[in-house]
Amino acid sequence: MERPLLVYTTFPDAPTALAIGEALVRARLAACVNVIPGMLSVYAWKGAVEHGQEVVAIVKSREGLAEALTTALKQRHPYETPVILRLPVSGADPDTAAWIQAETASV
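Residue numbering for the sequence shown follows this note's numbering, starting at 35 and increasing by one per position.
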């Protein structure tokens, strides 16, 4: 069975994150997207320190879909340079891994 993959990304607001998350799940690139609102960010951007409110999204997928998932996120993402961090999973409950595999199997 293929190893699960978590992808961390951020969005400007919950409706955007939910819409893109739904598109990824419908495309079977993700089994689930957790949207966590209320994040405050401090970040460097084009030579300045910025502050902003964002929404975190954690995408549950599998390693074999990493490139396709990244491409789909970049195509849909409103940010000029979206944060897309692939977090490999070193261990997972077998039932969770099987669920992720099953929900993304047709891709």
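Just so it is clear, CB atoms sit at the ideal spot from N, CA and C, and this is done for glycine as well.
Cβ distance (whole Å) where residue i is taken to contact residue j below 8 Å
{"i": "P38", "j": "V123", "result": "4 Å"}
Inter-residue spacing [alpha-carbon to alpha-carbon] between residue i and residue j
{"i": "R96", "j": "W79", "result": "30 Å"}
{"i": "A139", "j": "P128", "result": "16 Å"}
{"i": "R120", "j": "V89", "result": "17 Å"}
{"i": "G86", "j": "I92", "result": "19 Å"}
{"i": "T115", "j": "W133", "result": "31 Å"}
{"i": "D47", "j": "I70", "result": "10 Å"}
{"i": "V83", "j": "L74", "result": "13 Å"}
{"i": "E36", "j": "G125", "result": "11 Å"}
{"i": "Q135", "j": "G55", "result": "17 Å"}
{"i": "V59", "j": "K94", "result": "9 Å"}
{"i": "E137", "j": "T130", "result": "11 Å"}
{"i": "L52", "j": "E101", "result": "21 Å"}
{"i": "G72", "j": "F45", "result": "11 Å"}
{"i": "G81", "j": "P112", "result": "21 Å"}
One or two residues paired with residue i in a DSSP bridge
{"i": "H85", "result": "V76"}
{"i": "V90", "result": "T44 and I70"}
{"i": "S95", "result": "L39"}
{"i": "I118", "result": "T43"}
Check your understanding: Counting pairs of Cβ atoms below 8 Å between the stretch 98-110 and the stretch 55-65, do you hit three or more?
Key -> Of all C-beta pairs linking the stretch 98-110 to the stretch 55-65, three or more are shorter than 8 Å, placing the two stretches in contact.
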